[in-house]
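Our numbering puts the first residue of the sequence shown at 453, with every later residue one more than the last.
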Amino acid sequence: SGFTWLDLNWAPRGDAITNPGGQIVVNFTGFYDDDPLSLSASCFNNPIPYINITFMEKITGTLVTNTTFYNVSNSEAGLSLAIGYNLFHSGFLIQVNNLGNLKTLATAQVSGPGFMPGDFIFGDYDHMAEFAFKQENKNQNSTMIYDKTTGILVYCKVQSIFGPDFEIQLSGYELNFQKTEPEISAFPLLLLGAVITTTLILVIPNITKKIRTN
């Protein structure tokens, strides 16, 4: 299953292919100013994260690298993969020190003149924050869940005419929708260690082919 990656100017950068059982490997390379072409809402104050992102296919039980895109801003990744909604390109990492502001920005994307009408639901859990968008005309449904300690994307399900349909989950991360404060465990520290290595692996349980054109 493949799709075309577009930059912030909606110009094709190349095609990527992955499949069920494949992986997306995200390497955070640093924090730099956002691209001037970005029209995204301020999901991350400058400087913002930049990544190298690799798409891997599972072929006869073996993971094979298909494509790598280099020097990609978090905004570009959010736009090209529809990890976000309208101008809210949350991508693979959010700032967790002001979730109230992100909730306000996300809410603004589904209402008001010039915006894509729809519904937005914010889920506030003990260890996770969920942003769920459903466009009124059914052109896009996007659900993103982020870890509240690190800000890393841990789960995403997207159905969109703007990009590939897919469902991904952070490898080794157990989704916990508990809303009462549990006993403190060592797990957040282990996840923080994964952040320090700057490598994120997302396991893809489901992806549907869709090629976007200008």
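No residue lacks a Cβ here, since even glycine has one placed at the ideal position from N, Cα and C.
Collapsing the DSSP output to three states places residue 509 in a strand.
Its chain contains 526, 529, 530, 535 as the residues whose beta carbon lies nearer than 6 Å to that of residue 543, once the 5 sequence neighbours on both sides are disregarded; these appear in chain order. Straight-line spacing of the CA atoms in residue 616 and residue 497 works out to 27 Å.
Between the beta-carbon of residue 555 and that of residue 585 there is about 12 Å, and that puts the pair past the 8 Å contact cut. Taking each of 474, 614, 606, 473 in turn and checking the Cα distance to residue 582, the smallest one comes out for 606.
In this structure, the CA atom of residue 490 is about 12 Å from the CA atom of residue 500.
For residue 590, there is no enclosing alpha helix (DSSP H), as DSSP marks it with neither H nor E.
In this structure residue 509 is buried. Its beta-carbon is surrounded by 16 or more other beta-carbon atoms within 10 angstroms.
With contacts defined by Cβ atoms closer than 9 Å, residue 540 and residue 466 do not form a contacting pair. For the stretch 506-549, the continuous beta strand (DSSP E) assignments of 3+ residues that do not extend past its boundaries occur at 514-525, in sequence order. Among the bridge pairs identified by DSSP, residue 598 is matched with 581, 605. Between the alpha carbons of residue 610 and residue 471 lies a gap of roughly 15 Å. Across the structure, residue 627 and residue 578 are spaced so that their CA atoms are roughly 11 Å apart. Here residue 484 has 499, 502 as same chain residues with Cβ atoms under 6 Å from its own Cβ, once five neighbours each way along the sequence are excluded. By the beta-carbon neighbour count (other beta carbons within 10 angstroms, threshold 16), residue 532 is buried. Residue 630 places its beta carbon 9 Å or farther from that of residue 612. DSSP places residue 554 in the helix class (H, G or I) of the three-state scheme. Annotation for residue 628: no beta strand (DSSP E) segment contains it, and DSSP assigns it neither H nor E.
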